[in-house]
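Its first residue numbered 109, the sequence shown is counted upward by one per residue in the numbering used here. Backbone N, C-alpha and C define an ideal beta-carbon position, used for all residues, glycine too. Below is one structure, written out as structure tokens; comments come after it.
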Amino acid sequence: MKPWPLLLLCLGLSTLAQGSEPRPFDARYQAKALGMTAAASRRQSLTDDGNFLLENRISLTILGANVGTVVETSEFHWQEGDIQPLHYRYDQSGISSSREAIDFDWTQGRAHSSNDDGSWDFDISSGMLDKLSYSVRLAEDLQQTDQTEFHYTVLDEDDIKEHVYRISAEEVLDTRLGKLNTVKIER
């Protein structure tokens with residue numbers, strides 16, 4: 109994985125103060141070239157029941173026609189720095205389509221995962237994350253420690269995977285708002 113996508117993902121989470129719960133934000137991006145437009149957004153909001161909803165959305169249009177959209181969401185519970193994913197959804201539409209859903213039941217210690225090809229049930233344990241909530245955990249860990257390597261257990265469709273992320277470089281970006289200290293992350 110290239111380092112820049114994770115850099116962009118973590119930038120949106122920079123509103124996370126040390127040891128405090130995540131705060132709502134809404135970041136939007138757009139690029140245009142040769143009749144194509146790519147639009148992306150990353151939003152984190154508080155749900156009515158006190159959980160957090162993180163949403164990534166990207167769409168591609170060519171000459172005004174939508175050729176693809178991906179919406180990925182993770183609803184999670186935050187308590188004293190611990191993240192418990194509750195529901196994960198991935199929905200791709202357009203020229204091709206695919207769907208994925210994961211529902212976590214922490215009281216039973218089980219998760220149910222499904223996609224277009226089938227469904228699976230898993231035993232889950234504390235600290236397990238989904239393919240989107242890991243980025244919130246990573247942003248928190250980057251602010252809480254001087255470590256350069258981070259390990260996360262991630263439920264990914266039909267498998268439980270160990271994700272390892274490493275800080276590959278530090279960089280200062282010049283922005284209109286001033287200098288921004290960043291790190292490049294590789295998986």
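Does any residue of chain C bring its CB to less than 8 angstroms from the CB of Arg284? The structure shown has no chain C; it contains just one protein chain.
Can you tell me whether DSSP reads Gln216 as helix, strand or coil? Position 108 of the sequence shown, counted from the first residue, corresponds to residue 216. Of the three classes helix, strand and coil, the one that applies to Gln216 here is coil, per DSSP.
For a quick check, are the C-beta atoms of Ser312 and Asp134 less than 8 angstroms apart? Outside the modelled stretch of the chain, which goes from 109 to 295, sits residue 312, for which no answer is possible.
Euclidean distance between Cα positions of Thr215 and Thr256: Within the sequence shown, numbered from 1, the residue matching residue 215 stands at position 107. Within the sequence shown, numbered from 1, the residue matching residue 256 stands at position 148. Each residue's Cα considered, the two are about 33 angstroms apart.
Who are the near neighbours of Gly202 in its chain, counting only those whose CB is closer than 7 angstroms to its CB and skipping five residues on each side? One-based indexing of the sequence shown puts residue 202 at position 94. Cβ neighbours of Gly202 beyond the five flanking positions: Asn174, Val175, Gly176, Thr177.
At what residues does the alpha helix (DSSP H) containing Leu246 begin and finish? On the sequence shown, position 138 is the one that residue 246 refers to. Start and end: 241-252.
Do Lys269 and Val280 have their CB atoms nearer than 8 angstroms? Working through the sequence shown from its first residue, we reach residue 269 at position 161. Working through the sequence shown from its first residue, we reach residue 280 at position 172. It is not a contact, given that the beta carbons lie outside the stated cut-off.
Local conformation of Thr177 per DSSP, three classes: Taking the first residue of the sequence shown as 1, we reach residue 177 at position 69. Note: Thr177 maps to strand in three-state DSSP.
Evaluate the contact criterion for the region 163-173 versus the region 137-148: three or more CB pairs, one atom per stretch, below 8 angstroms. yes
Identify whether Arg131 lies in helix, strand or coil by the three-state DSSP scheme. For this step, residue 131 is matched to residue 23 along the sequence shown. Looking at Arg131 - three-state DSSP - the assignment turns out to be coil, as it is neither helix nor strand.
Would you kindly work out how many angstroms separate the C-alpha atoms of Gly189 and Asp249, rounded to a whole number? By 1-based counting over the sequence shown, the position of residue 189 is 81. By 1-based counting over the sequence shown, the position of residue 249 is 141. Rounded to the nearest angstrom, the two C-alpha atoms are 10 angstroms apart.
Three-state secondary structure (DSSP) at Met236? The residue labelled residue 236 in the question sits at position 128 within the sequence shown. Met236: coil per DSSP, three-state reduction.
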